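A.B. asks:
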Amino acid sequence: MSTLPNITRHTFTFCFPGQGNDPCGALADLHQHAEELRGSIESTLALIEHEAAQHEPGLQPGLVTQVLLTHQHALPLPSGVMQLALYGAAVVLNQLLHDAGVRPALILAQSFGEIAARVCAGVLSIEQGVAAVCALNAAYRSEEGRGGMLLINLAPQKTQALLDRWPELKLELGSVNAPEQCIISGEMSGLNGLLERYGDNTPPLRWVPIAYASHYSAHRHVAEVMNARLQPLKQQPFRMPIYSTVLRRCYRHGEDLHELFTRGVTHPTDLPKTLTTLAPDHRRLFIDMGVNRGMSMCILKSLRDAKTYTPLAAPPNALRQLLVDSQTLNVLRPLVNGPVSAQTHAHMAYTFSDPQLHPQTNQSAHDGHRHTYWRLQHLLKQLPDGIHGFKQPEWLMAVATHAAINDPSLFMGCVIQQGLCIGTLLAFEQDHPHAARWRRELETGESLGVYALTEIGRSNSHMAPCLEAVFDTDTRTFVLNTPNNAALKFANVGINNLNKMGVVFAELTVQDQRCGVFAFVLPLSDAQGPCPGIEMSSPAEIRAVPLDYGVLRFNQVRISFDAWLCDGAHIDDSNRFHDPLGNTDRRLIRSLFAPKNVWAMVGTGLSSVMLACATLALTHANRRTTQARIGNGTSLLDFRTQRRALFGCLATAYVMKSFANDCACLWIEGTASQSSLDNTGAGEVTWTPWAAISQRLALLKALCAPAAEAVATECRLRCGVAGALNLNRFADYEGMAKIYQDAGGNNRMILLDAAKVLIGQPLSKPTPPDPQAELDDPEYSLSMARTLEYRLLKEVADHVAARRTLGEDDMQVWNSKLMVVARAGEAHAQRLAIESAVKAGDSLPPGLAKDLVNALCGLYVLDYLHKHAAWYISEGLMDSTRYRALEEQLNRLSDFLAPHALLLIDAFGHGEATRAAIARAEPYADALTAKLQWAQG
Numbered sequence: 020m021s022t023l024p025n026i027t028r029h030t031f032t033f034c035f036p037g038q039g040n041d042p043c044g045a046l047a048d049l050h051q052h053a054e055e056l057r058g059s060i061e062s063t064l065a066l067i068e069h070e071a072a073q074h075e076p077g078l079q080p081g082l083v084t085q086v087l088l089t090h091q092h093a094l095p096l097p098s099g100v101m102q103l104a105l106y107g108a109a110v111v112l113n114q115l116l117h118d119a120g121v122r123p124a125l126i127l128a129q130s131f132g133e134i135a136a137r138v139c140a141g142v143l144s145i146e147q148g149v150a151a152v153c154a155l156n157a158a159y160r161s162e163e164g165r166g167g168m169l170l171i172n173l174a175p176q177k178t179q180a181l182l183d184r185w186p187e188l189k190l191e192l193g194s195v196n197a198p199e200q201c202i203i204s205g206e207m208s209g210l211n212g213l214l215e216r217y218g219d220n221t222p223p224l225r226w227v228p229i230a231y232a233s234h235y236s237a238h239r240h241v242a243e244v245m246n247a248r249l250q251p252l253k254q255q256p257f258r259m260p261i262y263s264t265v266l267r268r269c270y271r272h273g274e275d276l277h278e279l280f281t282r283g284v285t286h287p288t289d290l291p292k293t294l295t296t297l298a299p300d301h302r303r304l305f306i307d308m309g310v311n312r313g314m315s316m317c318i319l320k321s322l323r324d325a326k327t328y329t330p331l332a333a334p335p336n337a338l339r340q341l342l343v344d345s346q347t348l349n350v351l352r353p354l355v356n357g358p359v360s361a362q363t364h365a366h367m368a369y370t371f372s373d374p375q376l377h378p379q380t381n382q383s384a385h386d387g388h389r390h391t392y393w394r395l396q397h398l399l400k401q402l403p404d405g406i407h408g409f410k411q412p413e414w415l416m417a418v419a420t421h422a423a424i425n426d427p428s429l430f431m432g433c434v435i436q437q438g439l440c441i442g443t444l445l446a447f448e449q450d451h452p453h454a455a456r457w458r459r460e461l462e463t464g465e466s467l468g469v470y471a472l473t474e475i476g477r478s479n480s481h482m483a484p485c486l487e488a489v490f491d492t493d494t495r496t497f498v499l500n501t502p503n504n505a506a507l508k509f510a511n512v513g514i515n516n517l518n519k520m521g522v523v524f525a526e527l528t529v530q531d532q533r534c535g536v537f538a539f540v541l542p543l544s545d546a547q548g549p550c551p552g553i554e555m556s557s558p559a560e561i562r563a564v565p566l567d568y569g570v571l572r573f574n575q576v577r578i579s580f581d582a583w584l585c586d587g588a589h590i591d592d593s594n595r596f597h598d599p600l601g602n603t604d605r606r607l608i609r610s611l612f613a614p615k616n617v618w619a620m621v622g623t624g625l626s627s628v629m630l631a632c633a634t635l636a637l638t639h640a641n642r643r644t645t646q647a648r649i650g651n652g653t654s655l656l657d658f659r660t661q662r663r664a665l666f667g668c669l670a671t672a673y674v675m676k677s678f679a680n681d682c683a684c685l686w687i688e689g690t691a692s693q694s695s696l697d698n699t700g701a702g703e704v705t706w707t708p709w710a711a712i713s714q715r716l717a718l719l720k721a722l723c724a725p726a727a728e729a730v731a732t733e734c735r736l737r738c739g740v741a742g743a744l745n746l747n748r749f750a751d752y753e754g755m756a757k758i759y760q761d762a763g764g765n766n767r768m769i770l771l772d773a774a775k776v777l778i779g780q781p782l783s784k785p786t787p788p789d790p791q792a793e794l795d796d797p798e799y800s801l802s803m804a805r806t807l808e809y810r811l812l813k814e815v816a817d818h819v820a821a822r823r824t825l826g827e828d829d830m831q832v833w834n835s836k837l838m839v840v841a842r843a844g845e846a847h848a849q850r851l852a853i854e855s856a857v858k859a860g861d862s863l864p865p866g867l868a869k870d871l872v873n874a875l876c877g878l879y880v881l882d883y884l885h886k887h888a889a890w891y892i893s894e895g896l897m898d899s900t901r902y903r904a905l906e907e908q909l910n911r912l913s914d915f916l917a918p919h920a921l922l923l924i925d926a927f928g929h930g931e932a933t934r935a936a937i938a939r940a941e942p943y944a945d946a947l948t949a950k951l952q953w954a955q956g
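In our numbering, the protein residues as written are 20 to 956.
Here it is, written out as structure tokens:
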């Protein structure tokens with residue numbers, strides 16, 4: 020079927036047909052109606068004209084351009100002009116698509132079309148392609164008028180049988196175009212003889228407008244001349260596979276492509292057989308690069324359910340829209356990719372498309388946990404070497420993106436294995452005899468990581484863990500012991516018969532001196548069960564993100580000296596402890612280095628999940644209609660409630676993704692110095708150490724988790740019953756957001772710590788917002804956000820200063836203002852996120868993409884002002900008129916975005932990677948029923 024292309028839902032196969040089509044006026048309509056494309060069309064044709072003049076001295080200047088851009092010419096054309104025009108049309112179209120970012124996954128080339136195909140694949144330049152066409156013309160010139168070709172809609176076996184009836188005619192089966200379409204090649208006398216003998220039989224024989232016989236075995240001399248003329252053209256390696264209908268296979272690297280091309284002079288083509296060699300791909304769209312739908316029709320006849328599109332045979336507006344959408348998507352996609360290249364994302368998307376990495380349904384909780392670990396080990400074996408040792412840290416961000424979309428449980432496994440356990444070993448392996456080996460065991464999946472930090476008995480247990488590692492001065496070993504149930508470690512230990520390696524945090528005690536919190540590495544379990552002295556509970560299930568969470572006890576477990584990740588600290592021969600960091604707070608901050616990795620991964624993962632939720636819900640609302648009495652048959656997205664809510668969700672996702680990308684860049688830059696003690700934070704540790712470790716990365720998680728929960732919940736509710744179904748993924752993503760309200764550090768504590776740090780620094784008063792500014796002015800929005808942050812921080816700072824003059828202790832000073840402190844921390848995080856989104860929009864060139872992201876950013880910021888309107892009004896920063904105008908502007912922005920819903924879904928969505936029924940291209944009812952198992956009575 021003929022299909023309009025979708026840049027993200029389709030993989031493209033560019034199809035370059037052979038000769039025999041009429042190029043006259045092929046580009047005329049496009050050139051006339053698409054003013055924005057004229058420059059590119061004309062410059063490409065000028066290049067072709069100039070090069071052709073070097074090889075065809077008798078060629079009328081500008082004739083090829085006139086043939087393509089006007090309707091003033093008709094077949095037959097002067098010698099060689101038809102070939103140059105067909106080549107020109109294909110190359111112009113390829114250039115337009117290339118400039119817009121439409122690239123093929125592979126190329127299918129038929130006979131003469133192999134020349135343009137090689138240009139598309141980067142083997143030849145446009146000029147070299149012209150030289151190749153002229154070489155073909157020169158080689159065939161002596162044969163012009165002596166032979167030709169006839170087309171018949173008959174199966175190849177029957178066509179050959181027809182030729183066998185009159186062998187004296189010396190005709191050959193030159194091409195198989197379709198199961199029941201062939202081309203016959205031969206000398207004119209033989210072809211005329213066939214026409215005379217065949218008479219009025221059906222199917223009829225029809226002339227193909229070519230002045231010689233191609234794919235004709237008698238033309239070996241033509242092939243030799245052509246090959247000799249092609250040899251001076253230096254070839255480059257092809258950038259994507261080229262399938263030749265002459266070879267009936269793909270070109271191979273290292274082959275002489277010139278010699279292979281000349282085989283088409285004497286060898287037949289077979290399109291149907293070549294199509295059978297293509298790997299199955301349900302997303303494949305064949306883009307016919309010819310001047311008519313001839314090749315498309317042959318593909319449709321050869322492949323059941325094939326999808327084709329012929330740009331030059333369709334209305335110009337269809338191609339224009341494809342090019343505009345593609346250019347817009349090319350601008351928008353980097354905003355989603357962040358610091359990770361498109362190639363890296365594509366590689367990881369392919370990795371996670373493996374069904375073996377997808378969770379299974381209807382498993383028991385225990386079997387599900389085991390399968391998650393099996394999938395984690397399977398994934399680790401597929402990852403590229405660049406991720407190991409964080410040599411190319413962007414790979415970890417790519418894993419975070421695609422693991423989160425794939426399955427939150429697998430994502431949690433990646434966070435523990437890679438972010439926490441591998442991250443800890445990587446930071447502390449310098450000068451350690453075994454840490455690098457342990458890390459490699461985790462990287463390959465030989466061992467599964469357990470990060471044992473949290474204790475179940477007290478809040479903020481990481482600040483002063485009850486688990487002690489007591490140094491035995493006689494044996495120079497350590498003894499780990501859990502003194503009571505309150506000191507039990509909460510970790511992923513519910514499955515107790517796998518090879519698990521623990522990164523265990525304990526208070527180091529040397530000769531009764533408490534030396535600070537350090538990490539110790541030891542085996543916890545193997546295939547037979549827990550190691551001696553270690554107890555592991557059954558799973559304590561968390562429905563939101565299932566994993567084998569449980570509790571862990573150490574009963575006088577003796578571990579070697581090298582189990583200690585000392586990180587520059589040491590115990591001398593006199594059993595005296597030394598730490599270059601100087602105090603236990605700095606040591607705590609240093610020991611808990613790895614949560615930085617978690618915050619970067621979680622921010623990246625949650626922002627990706629938000630985009631997935633918003634685009635899934637928009638997809639559903641955009642194509643679902645209502646049967647209500649008001650607006651019967653109307654798309655759900657036409658209703659204001661849906662439109663505001665869902666574009667609001669997309670706006671939140673976009674702003675959080677912008678913030679996550681900036682934070683990911685910060686994290687990537689920091690990986691180069693992660694083993695250095697000099698980078699240990701020196702900030703004050705109050706409620707938690709998180710702000711002292713990395714305030715911005717911690718705030719990223721603290722902001723993204725509640726935002727993701729709100730987005731997932733809203734999208735689920737807006738999709739009705741479809742939203743409630745597990746297979747549509749909202750429940751999974753909502754659960755993931757819930758778990759990270761506390762996992763990786765309590766978000767409220769992070770906000771409190773951040774605000775406390777900020778008020779200890781000089782506060783800069785922002786420029787007051789202009790009360791007359793337009794609501795869509797980014798400077799106004801930023802000024803309002805900065806003012807909210809500043810005044811809340813100033814309120815807290817003034818309160819603390821006043822209470823301290825009264826002699827109150829810290830609990831009295833802070834406790835009475837904690838609600839405002841948390842709001843101030845959140846306002847700071849919101850301001851950072853908004854600035855990231857504004858910066859991302861400012862980086863784009865003028866055009867639709869910039870307008871769309873500015874609208875999304877504006878929607879988010881104005882909604883933020885709307886939520887805090889009471890405070891702004893109370894502070895005299897907003898009056899009732901402006902408050903009411905907020906509502907109108909929010910409506911205008913969502914109305915502006917609505918016509919571009921599909922484009923935004925394509926740009927920001929993850930589509931089929933979610934495996935949701937509502938993401939499928941087919942109608943939702945069909946997609947849902949296809950995912951279910953059925954019983955028949």
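Note that CB positions come from ideal geometry on N, CA and C, so glycine has one too. Here the structure is a predicted model, which is why all the values come from computation and not from measurement.
Out of Asn910, Leu923, Ala174, Leu637, state which residue places its alpha-carbon closest to the alpha-carbon of Ser321.
C.D. replies: Position 302 of the sequence shown, counting from 1, holds the residue named residue 321. Of all alpha-carbon atoms in Asn910, Leu923, Ala174, Leu637, the one lying nearest the alpha-carbon of Ser321 is that of Ala174.
A.B. asks: Give the C-beta separation of Ile924 and Val880 to the nearest angstrom, bearing in mind that I take them to be a contact with Cβ-Cβ under 8 Å.
C.D. replies: Residue mapping note: residue 924 aligns to position 905 of the sequence shown, counting from 1. Residue mapping note: residue 880 aligns to position 861 of the sequence shown, counting from 1. That belief does not hold up - the Cβ atoms of Ile924 and Val880 are roughly 22 Å apart, past 8 Å.
A.B. asks: Give the range of the beta strand (DSSP E) segment to which Glu526 is assigned.
C.D. replies: As a position in the sequence shown, residue 526 is number 507, starting the count at 1. Where Glu526 is concerned, the enclosing beta strand (DSSP E) stretches over 519–529.
A.B. asks: Does DSSP put His597 in a helix, a strand or coil?
C.D. replies: Looking up residue 597 in the sequence shown gives position 578. Here His597 sits in strand by DSSP.
A.B. asks: Please state whether DSSP places Met20 in a helix, a strand or coil.
C.D. replies: Along the sequence shown, one-based indexing puts residue 20 at 1. Bear in mind that a pLDDT of 46 at Met20, under 50, signals an unreliable position, so the number given afterwards is only what the model happens to contain. Of the three classes helix, strand and coil, the one that applies to Met20 here is coil, per DSSP.
A.B. asks: Could you give the first and the last residue of the continuous beta strand (DSSP E) run that contains Asn196?
C.D. replies: Your numbering for residue 196 matches position 177 in the sequence shown. 191–197 is the span of the beta strand (DSSP E), which, as asked, contains Asn196.
A.B. asks: Taking just the CA atoms, how far does Asp761 sit from Phe964?
C.D. replies: This structure gives no information on residue 964, because the portion of the chain shown stretches from 20 to 956.
A.B. asks: Going by C-alpha distance, which of Gly120, Leu736, Thr671 is nearest Thr660?
C.D. replies: Residue numbering aside, residue 660 sits at position 641 when the sequence shown is read from its first letter. It is Leu736.
A.B. asks: Going by CA-CA distance only, name the one from His388, Ser783, Ser802, Lys775 that's closest to Ala792.
C.D. replies: Within the sequence shown, the letter at position 773 stands for residue 792. When each option's Cα is compared against that of Ala792, the closest is Ser802.
A.B. asks: I'd like the span of the alpha helix (DSSP H) that includes Pro10, first residue to last.
C.D. replies: Any property of residue 10 remains undetermined from this structure, which presents the chain solely from 20 to 956.
A.B. asks: What does Gln955 pair with, by DSSP beta-bridge criteria?
C.D. replies: Within the sequence shown, numbered from 1, the residue matching residue 955 stands at position 936. Per DSSP, none; premise fails for Gln955.
A.B. asks: With Tyr262 as the anchor, note down where its beta strand (DSSP E) starts and where it stops.
C.D. replies: Taking the first residue of the sequence shown as position 1, residue 262 is located at position 243. Unbroken beta strand (DSSP E) run through Tyr262: 261–263.
A.B. asks: In terms of residues, what are the limits of the alpha helix (DSSP H) holding Tyr231?
C.D. replies: Along the sequence shown, one-based indexing puts residue 231 at 212. Careful: Tyr231 lies outside any alpha helix (DSSP H) and carries neither H nor E.
A.B. asks: In angstroms with no decimal places, state the Cα-to-Cα distance between Gly209 and Gln200.
C.D. replies: Position 190 of the sequence shown holds residue 209. Position 181 of the sequence shown holds residue 200. Spanning the two alpha carbons is a distance of roughly 20 Å.
A.B. asks: Which complete alpha helix (DSSP H) runs does the segment 107–172 hold, if anything under 4 residues is left out?
C.D. replies: 133–139, 145–159
A.B. asks: What is the C-beta distance between Cys958 and Gly826, in whole angstroms, given that I count them as a contact (C-beta under 8 Å)?
C.D. replies: The structure shown does not extend to residue 958, since the chain is modelled only from 20 through 956, so no value can be given for it.
A.B. asks: Tell me whether Ile406 sits in a helix, a strand or coil according to DSSP, three-state version.
C.D. replies: Taking the sequence shown and counting its residues from 1, one reaches residue 406 at position 387. If DSSP states are grouped into helix, strand and coil, Ile406 belongs with the helices.
A.B. asks: Would Ala332 and Asp307 qualify as a contact pair, given that the criterion is a beta-carbon distance under 9 Å?
C.D. replies: Taking the first residue of the sequence shown as position 1, residue 332 is located at position 313. Taking the first residue of the sequence shown as position 1, residue 307 is located at position 288. A contact, by the Cβ cut-off of 9 Å.
A.B. asks: Over what stretch of residues does the beta strand (DSSP E) that includes Thr638 continue unbroken?
C.D. replies: Position 619 of the sequence shown, counted from the start, is the residue given in the question as residue 638. No beta strand (DSSP E) contains Thr638, which is instead part of the alpha helix (DSSP H) from 614–642.
A.B. asks: With C-beta atoms as the reference, is Val195 less than 9 Å away from Leu630?
C.D. replies: Numbered from 1 along the sequence shown, position 176 holds the residue referred to as residue 195. Numbered from 1 along the sequence shown, position 611 holds the residue referred to as residue 630. Contact flag unset, no.
A.B. asks: Looking at the secondary structure, which residues open and close the alpha helix (DSSP H) in which Gln532 lies?
C.D. replies: Taking the sequence shown and counting its residues from 1, the one referred to as residue 532 is at position 513. That residue, Gln532, is in no alpha helix (DSSP H); its beta strand (DSSP E) goes 532–545.
A.B. asks: Please identify the residue among Trp618, Thr707, Leu635 whose C-alpha is closest to the C-alpha of Ala679.
C.D. replies: Counted from its first residue, the sequence shown places residue 679 at position 660. Taking only the C-alpha atoms, the option nearest Ala679 is Trp618.
A.B. asks: Just the Cα atoms here: how many angstroms apart are His90 and Met314?
C.D. replies: Start at 1 with the first residue of the sequence shown, and residue 90 comes out as number 71. Start at 1 with the first residue of the sequence shown, and residue 314 comes out as number 295. Between His90 and Met314, the C-alpha separation is close to 23 Å.
A.B. asks: Can you give me the Cβ contacts of Tyr752 inside the same chain, cut-off strictly under 6 Å, excluding the 5 residues immediately before and after it?
C.D. replies: For the purposes of this step, residue 752 is identified with residue 733 of the sequence shown, where counting begins at 1. So the qualifying residues of the chain are Val628, Cys632, Ala731.
A.B. asks: When the Cα atoms are used, what is the spatial distance from Gln102 to Glu206?
C.D. replies: Mapped onto the sequence shown, residue 102 falls at position 83. Mapped onto the sequence shown, residue 206 falls at position 187. One C-alpha to the other measures close to 20 Å.
A.B. asks: Taking the CB atoms as reference points, tell me whether Ala563 and Lys757 lie closer together than 9 Å.
C.D. replies: For the purposes of this step, residue 563 is taken as residue 544 along the sequence shown, with counting starting at 1. For the purposes of this step, residue 757 is taken as residue 738 along the sequence shown, with counting starting at 1. Their beta carbons are under 9 Å apart, which means Ala563 touches Lys757 by this criterion.
A.B. asks: Since I believe Arg822 is in contact with Val832 (beta carbons under 8 Å), could you give me their beta-carbon distance rounded to a whole number of angstroms?
C.D. replies: Taking the first residue of the sequence shown as position 1, residue 832 is located at position 813. Taking the first residue of the sequence shown as position 1, residue 822 is located at position 803. Yes, Val832 and Arg822 are in contact; Cβ-Cβ is about 4 Å, under 8 Å.
A.B. asks: Quick one: residues in its chain with C-beta nearer than 6 Å to the C-beta of Glu70, no 5 flanking neighbours on either side, listed in chain order?
C.D. replies: As a working note, residue 70 is residue 51 in the sequence shown. Same-chain partners within the cutoff: Glu146, Val149.
A.B. asks: Can you give me the Cβ contacts of Gly120 inside the same chain, cut-off strictly under 6 Å, excluding the 5 residues immediately before and after it?
C.D. replies: As a position in the sequence shown, residue 120 is number 101, starting the count at 1. For Gly120, where only same-chain residues beyond five positions count, the Cβ hits under 6 Å are Ser345, Asn349.
A.B. asks: Check whether the segment 294–311 and the segment 178–190 touch, using three or more Cβ-Cβ pairs below 8 Å as the test.
C.D. replies: no
A.B. asks: Arg258 and Gly141 - do their beta-carbons sit closer together than 9 Å?
C.D. replies: Within the sequence shown, the letter at position 122 stands for residue 141. Within the sequence shown, the letter at position 239 stands for residue 258. Their beta carbons are under 9 Å apart, which means Gly141 touches Arg258 by this criterion.
A.B. asks: On the DSSP bridge assignment, give the partners of Ile202 in chain order.
C.D. replies: If you number the sequence shown from 1, residue 202 lands on position 183. Per DSSP, Leu170, Ser194.
A.B. asks: Suppose you measure from the CA of Ile892 to the CA of Asp898; what does that come to, to the nearest Å?
C.D. replies: For the purposes of this step, residue 892 is identified with residue 873 of the sequence shown, where counting begins at 1. For the purposes of this step, residue 898 is identified with residue 879 of the sequence shown, where counting begins at 1. About 6 Å.
A.B. asks: Which residue from Asp275, Met245, Leu116, Gly166 puts its Cα closest to that of Pro330?
C.D. replies: Your numbering for residue 330 matches position 311 in the sequence shown. Of all alpha-carbon atoms in Asp275, Met245, Leu116, Gly166, the one lying nearest the alpha-carbon of Pro330 is that of Leu116.
A.B. asks: Less than 9 Å between the beta carbons of Pro36 and Gln129, yes or no?
C.D. replies: If you number the sequence shown from 1, residue 36 lands on position 17. If you number the sequence shown from 1, residue 129 lands on position 110. Taking 9 Å as the Cβ cut-off, Pro36 and Gln129 qualify as a contacting pair.
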